[in-house]
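Protein chains in written order, with UniProt numbering: chain D, 1 to 349; chain Y, 1 to 349.
Let me begin by presenting the structure, written as structure tokens, before commenting on it.
2 protein chains.
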Amino acid sequence: MKRKITLKQIAKELDVSISTVSKALRNSVEISEDTKQKVQAFAKLYNYRPNNIALSLKNRKTNTIGIIIPEIVHHFFSKVISGVETVANNRGYNVIVGLSNESFSKEVINMEMLANGSIDGFILSISKETLQQQDYHHFNETMSQGMPIVMFDRVIADIKCDKVIVDDYKGSKNAVEKLITNGCKSIALITTKDYVSVGKLRTQGYLEALHEHKMTPKAELILKIDDTLDYEVHLDALELEIEQLFKSNKKIDGVFAVNELYALSAMKVARKLGLDIPNDIQVIGFTDGVLSKHATPSLTTVSQHAQQMGETAANLLIDKLENEFDDEKEEEFQTVVIATELIERESTK
Amino acid sequence: MKRKITLKQIAKELDVSISTVSKALRNSVEISEDTKQKVQAFAKLYNYRPNNIALSLKNRKTNTIGIIIPEIVHHFFSKVISGVETVANNRGYNVIVGLSNESFSKEVINMEMLANGSIDGFILSISKETLQQQDYHHFNETMSQGMPIVMFDRVIADIKCDKVIVDDYKGSKNAVEKLITNGCKSIALITTKDYVSVGKLRTQGYLEALHEHKMTPKAELILKIDDTLDYEVHLDALELEIEQLFKSNKKIDGVFAVNELYALSAMKVARKLGLDIPNDIQVIGFTDGVLSKHATPSLTTVSQHAQQMGETAANLLIDKLENEFDDEKEEEFQTVVIATELIERESTK
DNA sequence: AGACCTAACGCAAACGTTTTCGTGTTAAAA
DNA sequence: TTTTAACACGAAAACGTTTGCGTTAGGTCT
Chain D
1 MKRKITLKQI AKELDVSIST VSKALRNSVE ISEDTKQKVQ AFAKLYNYRP NNIALSLKNR
61 KTNTIGIIIP EIVHHFFSKV ISGVETVANN RGYNVIVGLS NESFSKEVIN MEMLANGSID
121 GFILSISKET LQQQDYHHFN ETMSQGMPIV MFDRVIADIK CDKVIVDDYK GSKNAVEKLI
181 TNGCKSIALI TTKDYVSVGK LRTQGYLEAL HEHKMTPKAE LILKIDDTLD YEVHLDALEL
241 EIEQLFKSNK KIDGVFAVNE LYALSAMKVA RKLGLDIPND IQVIGFTDGV LSKHATPSLT
301 TVSQHAQQMG ETAANLLIDK LENEFDDEKE EEFQTVVIAT ELIERESTK
Chain Y
1 MKRKITLKQI AKELDVSIST VSKALRNSVE ISEDTKQKVQ AFAKLYNYRP NNIALSLKNR
61 KTNTIGIIIP EIVHHFFSKV ISGVETVANN RGYNVIVGLS NESFSKEVIN MEMLANGSID
121 GFILSISKET LQQQDYHHFN ETMSQGMPIV MFDRVIADIK CDKVIVDDYK GSKNAVEKLI
181 TNGCKSIALI TTKDYVSVGK LRTQGYLEAL HEHKMTPKAE LILKIDDTLD YEVHLDALEL
241 EIEQLFKSNK KIDGVFAVNE LYALSAMKVA RKLGLDIPND IQVIGFTDGV LSKHATPSLT
301 TVSQHAQQMG ETAANLLIDK LENEFDDEKE EEFQTVVIAT ELIERESTK
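Written out as structure tokens, the structure is:
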């Protein structure tokens, strides 16, 4: 078990100084051709690679970016990571992941762990608990220490940093308009409580679409799910709520759901009630998930282009990291909006 | 934009030496109560945290583990990461992810990037391309440098390292036996080409189950898919193959598929051919996926307990990292087998 | 021959820690 | 009063790099 070889060991073996070895390997003109050859050959033989940690310490730059997400077992988030990773690797960075599990304290702890030198900047999506408590001190503290943050999807307007979001409002509006165009007269909305910003925006899009088409929104058609429960395990509870919605509003002929699971549950309930999709009732969901594609009938959804979001976020962050020229010239932050796309499948006409 | 405060700065402000500050913060008996109080108060005020990189360099230990997986947008792998992350965090480690994208060269590059000091050890699942080429030099080189590796799921017998696997053989055998018990007389197998070890083992389980029940396996009932194609995009090709299988073997009343997608496609094709599930034909898949649960009908599957695999792998690795006492006493490697579990849903009787 | 240049290399500092080993001061013991 | 020991602290090395600058040797010029 031979440890990795260091400059010092090479220097000793070749009977030169450490600096000579270093310079020789970097092809410095200060070093004679002879010595360079000798050193480089030796280094190659022993497969020398500079120690990253030492470099990080010296350069005060780790070439690593941290990504903090609420959960990883989720198609959207893992796709974002994939995007981040691709760009990061291409630009010479590593990616270190932290999971908040939708918990405020885990988010804080994770950020503190990474902020102590391990990484150069953050890419993150805020946990639900943090959004509820509206305690954002850890973001501000991190940034005040000169560590840039790029937020994606779940963001907060008050915080000054780069952001990558999807146009939830427009995406939803388009989806609902599609339902209207397709002849739906009574469109239900299945959404989350308002503290999740994306849920709120998608609700607004729904309302606006109705409004523009002179349809009056009805409160009884809007189902706000309390998503603090984990509906992956309490599926039946969710379905029960939806069933009641359907039963007390028999004229419903269209459903817009703010995520995949709600939409799938709606389809399941509809089928159970003997409704045909898409003839009796049409359904559209919001997400990039794998369920939509493989459901029966397959689900029409609003795609968020998660991969692209990750790529964009990574590029924004690395750009900022590598443009240190901006000393004192009033830092600028951008918000990139990723266009949504309506992917039509079998759940709509 | 104030940089993070260092020991040196504290020392300067308080007019003591760096060592005094360090000792005071670590509550050394060498330092007077007075000084400790002063230093600790100051450190707290300025929110001092030791620089991780400096610590890593000094201790030659990064407290970070690297995980390399073929792809992250995959329920199984993201669940494994989740398990790794949980254990790692609890035991004071960070997790840095590398994606091989099933490519040999990306696997090698990623490992080289991380092996230069960034991490203390690897957790990985081998890429398909590597399995095909059977080139494992990067694993051996990494380990010969004293960096431990824990492999999971896709492993190779020849390589001496800790492993966490699922009993693919027994899991498959159980699944097929379930079909037999449920009355299936003609059971088809949808699997991958043999170079993916798990595909091979699952095929063997299928054969053994038939054998034990005096059923003779028929070659025409075994469909080996060439999974170098990405069937997430070429779904129709996959379905076509399955359709031909069904059409040329009309007596098929049971299907065992080695993964979720194959199983779902089989169900889809069956439905298309007017077969009722589970009455005309029963289907079992192999995986932990989210599709199985939400499909209609929901799919009976062999669960791999991915989360548990991740947790086990992380514990194995960290145990090894923290037991350096084993100098020269013939390192021992263990292979932990995670029990599979048959989760019965609607696709079987 | 003296002054000067240049090639080729080494020294040392720096990054931020921790820790071993001094060292100076003071109070207690002789 | 002198010796000793406890106490409180600082200097320096070490982890592995990179780099500015100093140094040496030899050669060139006048």
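We treat Cβ as the ideally placed atom computed from N, Cα and C, and that holds for glycine.
{"Check": "Between A54 (chain Y) and chain D, is any beta-carbon pair separated by less than 8 Å?", "Outcome": "yes"}
{"Check": "To which residues of the same chain is T20 (chain D) closer than 8 Å at the C-beta, ignoring the five residues directly before and after it?", "Outcome": "A11, I31, T35, V39"}
{"Check": "Measuring straight from C-alpha to C-alpha, what distance separates residue 386 (chain D) and I180 (chain D)?", "Outcome": "No answer is possible for residue 386 (chain D): it lies beyond the span of chain D, which begins at 1 and ends at 349."}
{"Check": "If we require 4 or more residues per run, which alpha helix (DSSP H) segments fall completely within the stretch 275 to 314 of chain Y?", "Outcome": "290 to 294"}
{"Check": "For V166 (chain Y), return the contacting residues in chain D, with the cut-off set at a CB-CB distance below 9 Å.", "Outcome": "Near V166 (chain Y) there are no residues of chain D at all, since even the closest Cβ is about 18 Å away, more than 9 Å."}
{"Check": "What is the C-beta distance between A314 (chain D) and A88 (chain D), in whole angstroms, given that I count them as a contact (C-beta under 8 Å)?", "Outcome": "5 Å"}
{"Check": "Taking 8 Å as the cut-off, decide whether the C-beta atoms of T191 (chain D) and K224 (chain D) are in contact.", "Outcome": "yes"}
{"Check": "Taking V337 (chain D) as the reference, which of D:E239, D:K163, D:N182, D:I252 has the closest Cα?", "Outcome": "D:K163"}
{"Check": "Determine the chain Y residues that contact K4 (chain D) at a beta-carbon separation under 7 Å, and present them in chain order.", "Outcome": "Q145"}
{"Check": "When the Cα atoms are used, what is the spatial distance from residue 354 (chain Y) to I149 (chain D)?", "Outcome": "Beyond the ends of chain Y as shown, which are 1 and 349, falls residue 354 (chain Y); an answer cannot be given."}
{"Check": "Roughly how far, in whole angstroms, is the beta-carbon of C161 (chain D) from the beta-carbon of M143 (chain D), given that I think they are within contact range, below 8 Å?", "Outcome": "6 Å"}
{"Check": "If I measure Cβ to Cβ from I242 (chain D) and keep anything under 6 Å in the same chain, skipping five residues before and after, which residues do I get?", "Outcome": "S265, A266, V269"}
{"Check": "Assuming T64 (chain Y) is part of the beta strand (DSSP E), what are its boundary residues?", "Outcome": "64 to 69"}
{"Check": "Using the beta-carbon of each residue, which ones in chain Y are nearer than 9 Å to E85 (chain D)?", "Outcome": "I72, V97, G98, L99"}
{"Check": "Given that a residue counts as buried once 16 or more other Cβ atoms are within 10 Å of its Cβ, and exposed if not, what is Q134 (chain D)?", "Outcome": "exposed"}
{"Check": "Looking at Y206 (chain Y): is its Cβ nearer than 8 Å to the Cβ of F256 (chain Y)?", "Outcome": "yes"}
{"Check": "Flag this pair as touching only if the stretch 315 to 324 of chain D and the stretch 296 to 304 of chain D have three or more C-beta atom pairs under 8 Å; answer yes or no.", "Outcome": "no"}
{"Check": "So for F77 (chain Y), helix, strand or coil by DSSP?", "Outcome": "helix"}
{"Check": "According to DSSP, E341 (chain Y) sits in a beta bridge with which residue or residues?", "Outcome": "Y:S303"}
{"Check": "Does V95 (chain D) come out as helix, strand or coil in the three-state DSSP assignment?", "Outcome": "strand"}
{"Check": "My output table needs one value for V29 (chain Y): the three-state DSSP class, helix, strand or coil.", "Outcome": "coil"}
{"Check": "Starting from the C-beta of L119 (chain D), find all residues in its chain whose C-beta is less than 7 Å away, skip the five residues before and the five after it, and write them out in chain order.", "Outcome": "With the sequence shown as reference, residue 119 (chain D) is identified as Ile, and Leu is not the correct amino acid for it. Result list for I119 (chain D): T62, T64, I65, G66, I96, in chain order."}
{"Check": "Taking CB distances under 8 Å as the criterion, tell me whether M113 (chain D) reaches chain Y.", "Outcome": "yes"}
{"Check": "At a CB-CB cut-off below 9 Å, which residues of chain Y make contact with G117 (chain D)?", "Outcome": "K4, R49, P50, N51, N52, I53, A54, L55, S56"}
{"Check": "Run down chain Y in chain order and give the residues with a C-beta less than 8 Å from the C-beta of N94 (chain D).", "Outcome": "I96, G98, M113, L114, S118"}
{"Check": "Flag this pair as yes or no: are the beta carbons of D168 (chain D) and R202 (chain D) separated by less than 8 Å?", "Outcome": "yes"}
{"Check": "Report the neighbours of L291 (chain D) on chain Y: residues whose CB is nearer than 8 Å to its CB, in chain order.", "Outcome": "V290, L291, H294"}
{"Check": "Alpha carbon to alpha carbon, how far is K185 (chain Y) from K214 (chain Y)? Give it in angstroms, no decimals.", "Outcome": "11 Å"}
{"Check": "Per DSSP, which one or two residues make a beta bridge with M151 (chain D)?", "Outcome": "D:L124, D:K163"}
{"Check": "State the beta-bridge partners of L189 (chain Y) as determined by DSSP.", "Outcome": "Y:I222, Y:F256"}
{"Check": "For L114 (chain D), which residues of its own chain have a beta-carbon under 6 Å away from its beta-carbon, when the five flanking residues on both sides are left out?", "Outcome": "G66"}
{"Check": "Pull up the distance between the alpha-carbon of L131 (chain Y) and that of H75 (chain Y), whole angstroms please.", "Outcome": "21 Å"}
{"Check": "Whole angstroms are fine: how far does the CA of G289 (chain D) sit from the CA of L99 (chain Y)?", "Outcome": "20 Å"}
{"Check": "If we count the other Cβ atoms within 10 Å of its Cβ and call it buried at 16 or more, is H294 (chain Y) buried or exposed?", "Outcome": "buried"}
{"Check": "Terminal residues of the continuous alpha helix (DSSP H) containing N110 (chain Y)?", "Outcome": "104 to 115"}
{"Check": "Can you pull the chain Y residues whose beta carbon is under 7 Å from the beta carbon of T62 (chain D), in chain order?", "Outcome": "I53"}
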